[in-house]
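In the numbering used here, the protein residues as written are 55 to 490.
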């Protein structure tokens with residue numbers, strides 16, 4: 055069988071004219087092969103981070119600054135919605151930071167504009183190179199050259215309330231064997247009472263919905279996008295896996311197995327129903343389930359990877375990559391900071407802030423005792439994936455984008471085939487514009 059890494063890896067992105075208007079590629083590239091690069095640097099390292107992950111970066115910077123007295127890292131948080139535009143403006147103005155901690159799904163926007171430094175050689179020198187998340191690295195790789203390294207992971211999985219599952223006679227391991235088994239488990243959970251629901255999904259939040267639903271498609275070694283670089287198009291009409299995913303969620307809605315509030319759920323209170331013990335099966339992440347609850351609740355939940363119509367498994371490789379822009383004034387110090395962020399002591403602490411390490415070897419016995427609910431994506435790190443396309447935001451993160459419109463029309467209106475046909479046309483148009 056064609057593996058997910060081979061099948062989906064072919065669907066990589068190409069540069070999109072106009073996506074980053076004025077973002078120039080003429081800034082000089084630091085010499086990462088120079089003697090002493092990344093060692094004993096001095097001065098200041100300017101780091102930009104996403105506001106969404108600012109808390110974790112703040113602690114990391116404080117720890118780094120206290121670890122030595124040669125380098126001082128200055129951290130600047132940037133609102134996620136403004137990050138791409140602000141960085142493009144900085145590149146155009148030739149005033150770039152030394153490190154950008156960027157949403158991994160947006161890494162390729164700048165890599166295909168030749169805006170980031172080629173880190174292939176210093177990365178190759180790391181003795182834990184083969185332990186790093188392949189999904190994150192794939193989002194930072196172009197023609198076998200790597201332009202960023204993963205820092206933290208934000209992974210989606212199924213979370214089962216074991217207390218409710220025991221009452222309903224649901225076995226999580228059996229439930230994930232197929233969509234039929236998931237629906238059977240949901241119907242059993244739905245019989246527990248009027249105030250208990252089988253499932254919950256944020257049907258009015260395009261980003262969160264894509265985060266928890268797309269892996270159910272990837273688990274079957276397919277995607278909603280197909281094609282080689284420069285020739286991407288939608289893969290929706292005729293894709294049986296996409297149709298079965300939509301039909302599953304339609305049935306959950308029709309059978310009343312999900313809260314009516316899911317219709318308008320914009321993820322602003324995401325997970326509150328699950329943490330209240332009112333939902334049996336909940337696709338989400340570590341932060342929403344574990345970080346936002348107490349030890350008593352942790353004893354009632356167990357994670358599983360998201361599964362496809364006939365089994366398989368996958369999870370969304372969200373999170374951050376660290377990249378060094380071309381034109382960085384202190385690239386040597388930047389790499390030293392990046393290396394520090396990747397060292398095990400820092401990686402092992404990530405779940406305390408709601409994130410998962412990007413090094414599989416972080417899953418030590420001690421780590422498992424301290425963060426037992428964070429080990430699964432590390433043990434199955436090869437199953438992580440995220441689509442590499444410059445059109446991701448237009449397809450999946452916009453309220454009027456084709457992903458959300460397809461899901462809502464299929465699930466709430468029951469027009470599955472029409473929704474898929476409409477989405478196919480929109481995907482093709484958006485991808486073609488991105489490759490013009």
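Just so it is clear, CB atoms sit at the ideal spot from N, CA and C, and this is done for glycine as well. As the structure is a prediction and not an experimental result, all values here were calculated from the model.
Answer with buried or exposed for residue 107, where buried requires no fewer than 16 other C-beta atoms within 10 angstroms of its C-beta. buried
Would you call the CB atoms of residue 334 and residue 218 closer than 8 Å? The answer is yes: Cβ separation under 8 Å.
When every heavy atom of the ligand HEM is checked, does at least one fall within less than 7 Å of the C-beta of residue 153? Of the ligands one can find in the structure shown there are none, so the ligand HEM has no counterpart to examine.
Quick check: what's the CA-CA separation for residue 298 versus residue 105? Rounded to the nearest angstrom, the two C-alpha atoms are 36 Å apart.
Compute the beta-carbon to beta-carbon distance between residue 152 and residue 385, rounded to the nearest angstrom, for a pair I have assumed lies under 8 Å. Confirmed, about 7 Å.
With distances taken Cα to Cα, identify the nearest neighbour of residue 199 among 209, 164, 175. 175
Own chain residues within Cβ distance below 7 Å of residue 216, not counting five before or after: The beta carbon of residue 216 is closer than 7 Å to those of 354, 355, 356 in its chain, skipping five residues each way along the sequence.
As a quick exercise: from 207, 393, 460, 258, pick the residue whose alpha carbon is nearest that of residue 301. 460
Should residue 472 be labelled buried (16 or more other beta-carbon atoms within 10 Å of its own) or exposed? exposed
Which class does residue 484 belong to by DSSP, given the choice of helix, strand or coil? helix
If you drop the 5 nearest sequence neighbours on each side, which residues of the same chain put their C-beta closer than 7 Å to that of residue 240? By the criterion of a C-beta distance shorter than 7 Å, residue 240 is surrounded in its chain by 252, 253, 306, 311, 335, once the five residues flanking it on both sides are discounted.
State the CB to CB distance for the pair residue 263 and residue 271, rounded to an integer number of angstroms; the pair is presumed to be in contact (CB under 8 Å). Going by Cβ atoms, the distance from residue 263 to residue 271 rounds to 12 Å, so no, they are not a contact pair.
Based on Cα-Cα distance, which residue from 344, 485, 328 lies nearest to residue 208? It is 344 whose Cα lies nearest to the Cα of residue 208.
Among 97, 149, 96, 273, whose alpha-carbon lies nearest the alpha-carbon of residue 358? 273
Kindly provide the ranges of any alpha helix (DSSP H) runs that are 4 or more residues long and lie completely inside the region 423-475, ordered along the chain. 430-433, 456-467
Distance, Cα to Cα, residue 468 vs residue 435? 36 Å
Leaving aside the five residues before and after residue 474 along the sequence, list all residues of the same chain whose C-beta is less than 6 Å from its C-beta, in chain order. 290, 291
DSSP bridge partner residues for residue 217 (one or two, in chain order): DSSP, once it has assigned bridges, lists no residue as partnering residue 217.
Roughly how many angstroms separate the alpha carbons of residue 450 and residue 456, rounded to a whole number? 7 Å
CA-CA distance, residue 84 and residue 382? Near 7 Å, if we compare the C-alpha coordinates of residue 382 and residue 84.
Rounding to the nearest angstrom, what Cα-Cα distance links residue 389 and residue 428 in this structure? Inter-residue distance for residue 389 and residue 428 is about 27 Å (C-alpha atoms, whole angstroms).
Extent of the continuous alpha helix (DSSP H) to which residue 323 belongs: Segment: none, residue 323 is in no alpha helix (DSSP H) and carries neither H nor E.
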